[in-house]
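Peer 1: Encoded as structure tokens, here's the structure I'll be asking about.
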Amino acid sequence: MKPAERFFRKYFLSMVGIIALFLLLNVVLLFSVLIWAWQTSEVPEISISKICDSITLDGTGHLTAAGVLDEILEEHHAWAMVLDDTGTVIFQSKLPEELPRRYTAADVATFSRWYLGDYPVYVQEHPQGLLVVGGEKGSQAKYYFSVSESYARKLLVGLAAVFLTNIIVVVLLIWKNTRHVEKAVTPILRGIETVSSGQPVSLPEKGELAEINRQLNKAGAFIAKKDSARADWISGISHDVRTPLSVILGFAGQLEADQTLPASAREQASYIRRQGEKLRSLISDLNLTSRLEYSMQPLRMEKVYFVELVRQVVCEFLDSGLEARYQIVFDSSQESETASIMGDEALLKRALYNLIQNSVIHNPQGCVISVSVARNETGITTMVSDDGIGVSAEKLEKLRATAHHLESTDERLTLRHGLGVLLVRQIVEAHHGIMEIESAPQKGYQTVLVFPGGEP
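Quick note on our numbering: the sequence shown kicks off at 48 and runs consecutively.
Encoded structure:
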């Protein structure tokens, strides 16, 4: 999935999550209000059973009440009465004067569910009749609803349908808004990706984000102009240095070979020639790195047998008069002998040459350089290592950083393992490979290159 698509997918899902969180929050708030209202309201807690138990027959057959009855009724500003089977009041306590003392069956049926006058009432069967307890006016709200079961089912289904419809409409609105934002922002995100890869960008300067597009086009043009100027500068410097450097190397070689000169003079000429060759190699690396960085170096892809290529590089080093303090050990697995990849043979040779040359340059006391080739399920793996002085952990971290451009924070421009490693990394990445570096002070230096393919 592309970064822009991933971004808007996360944006859409986050909006849906916000809706879900909003609904959950509303449910929590609803229950919180209900609990708060219930806990802070004055809910009468008249114990009908206690009142019923406190009213008993005395020895003469009349109803009498225990002292606890008056306490309960006084606390809740309530009253009580007992009706016999004919609806006549046979016991009362704090019964309001405006209430009748005799009731019909219809009256009992009415107030037992609703109100007696304006008093909310509660009823319970008593051994001598019907106990009626009334509360204070306005202390209770009693409602009774009665609907058909079919109506209740349809009402619930309708409410659920309305709720789901609202959710769907909100999600569709969010999706539409996301698509609108995506249409406006996607070109900008892709433009940023293009600029970061060093390619020119041209966004339409219209719409709601026209100013951002304009600034991004301006930034892309500035970066492209700056990179082009740097590439031209490197190319020009390389071209201008080659001619005088060739003259220096030519005269230094002649002086080195002139037997009429003193030995010290020939040795100095030899030193000048060696340093000039290093400078020529550095300029060549700098120019090639710049061309790879700006995709100015076309790859000449062909079938390359990797073991044979590595053997050629090793043999060139051995045949070039490598000093005795350096040893090169080569090893290859049987599976890799006939393995090949599609690549630029000249660039691959240059990468291997730089790795071996780095081990030679940075270990003046000498070292053993090991070069190996193996083939496995991931492709062809080439390892170049030495048992020399290695590099510090700080330097190793800088070398491991995937650099795609020339930069240096070293005021002395000391490119120890730097430019050569950058060039190798660029060559490997141009072939879609992977480069890994391992090193420690006084424990050697190792570079592993992995190239996909490796077909026999």
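From the three backbone atoms N, C-alpha and C, an ideal C-beta is built for every residue, glycine too. The structure presented is a predicted model; accordingly, all values stated were derived computationally and were not measured.
Return the residue from the list L326, R327, G300, E324 that minimises the CA-CA distance to E314.
Peer 2: Measuring from the Cα of E314, the nearest candidate turns out to be G300.
Peer 1: Could you tell me the alpha carbon to alpha carbon distance between F298 and R320, rounded to whole angstroms?
Peer 2: Their Cα atoms are separated by approximately 9 angstroms.
Peer 1: Who are the near neighbours of S380 in its chain, counting only those whose CB is closer than 6 angstroms to its CB and skipping five residues on each side?
Peer 2: Same-chain partners within the cutoff: A421.
Peer 1: DSSP beta-bridge partners for Q306?
Peer 2: Partner(s): none; Q306 has no beta bridge.
Peer 1: Report back the beta-carbon spacing between G437 and C414 to the nearest angstrom; my notes put them in contact at under 8 angstroms.
Peer 2: G437 to C414, Cβ: 10 angstroms. No contact.
Peer 1: Hey, how far is the Cα of F59 from the Cα of R261?
Peer 2: Using only the alpha carbons, I get a separation of about 27 angstroms.
Peer 1: From N423 to M348, what does the alpha carbon distance come to, in whole angstroms?
Peer 2: Going from the Cα of N423 to the Cα of M348 covers about 22 angstroms.
Peer 1: Could you name the residues that DSSP lists as bridge partners for E349?
Peer 2: For E349, which the question treats as bridged, DSSP gives the partners G390.
Peer 1: To the nearest angstrom, report how far apart H464 and K57 are at their CA atoms.
Peer 2: Confidence is the limiting factor: at H464 the pLDDT is only 45, short of 50, which leaves the residue's position unreliable, though a coordinate-based value still follows. Taking the straight line from one Cα to the other gives about 42 angstroms.
Peer 1: Hey, quick one: how far does the alpha helix (DSSP H) through D433 stretch, first residue to last?
Peer 2: Element bounds for D433: not the alpha helix (DSSP H) but the beta strand (DSSP E), 426 to 433.
Peer 1: Have a look at the DSSP bridge pairing and note the partners of F498.
Peer 2: Looking at the DSSP assignment, F498 forms a beta bridge with I427.
Peer 1: Identify whether L146 lies in helix, strand or coil by the three-state DSSP scheme.
Peer 2: Looking at L146 - three-state DSSP - the assignment turns out to be coil, as it is neither helix nor strand.
Peer 1: Would you check if there are 3 or more beta carbon pairs closer than 8 angstroms linking the segment 385 to 394 to the segment 469 to 479?
Peer 2: Because the criterion of three Cβ pairs below 8 angstroms is met, the segment 385 to 394 and the segment 469 to 479 touch.
Peer 1: Excluding five sequence neighbours on each side, which residues of the same chain lie with their C-beta closer than 8 angstroms to the C-beta of Y352?
Peer 2: The answer, listed in chain order, is T385, A386, S387.
Peer 1: Beta-carbon within less than 8 angstroms of N405's beta-carbon, same chain only, minus the 5 sequence neighbours each way: which residues are those?
Peer 2: Answer for N405: H464, G467, V468, Y492, listed in chain order.
Peer 1: How many whole angstroms separate the CB atoms of E187 and V129, which I take to be in contact at a CB cut-off of 8 angstroms?
Peer 2: It is Gln, not Glu, that sits at residue 187 in the sequence shown. No, Q187 and V129 are not in contact; Cβ-Cβ is about 21 angstroms, not under 8 angstroms.
Peer 1: Three or more C-beta pairs closer than 8 angstroms, one from the segment 195 to 208 and one from the segment 166 to 185: is that the case here?
Peer 2: The segment 195 to 208, when compared against the segment 166 to 185, does not touch it at the 8 angstroms Cβ threshold.
Peer 1: Once DSSP output is grouped into helix, strand and coil, what is the label at E485?
Peer 2: Strand at E485.
Peer 1: Who does E172 pair with in a DSSP beta bridge?
Peer 2: Answer is L177, bridged to E172.
Peer 1: Let me know if D165 comes out buried or exposed under the rule of 16 or more other beta-carbons within 10 Å of its beta-carbon.
Peer 2: Exposed.
Peer 1: If you check the beta carbons only, do L110 and I98 fall under 8 angstroms apart?
Peer 2: No, these two residues do not count as a Cβ contact at 8 angstroms.
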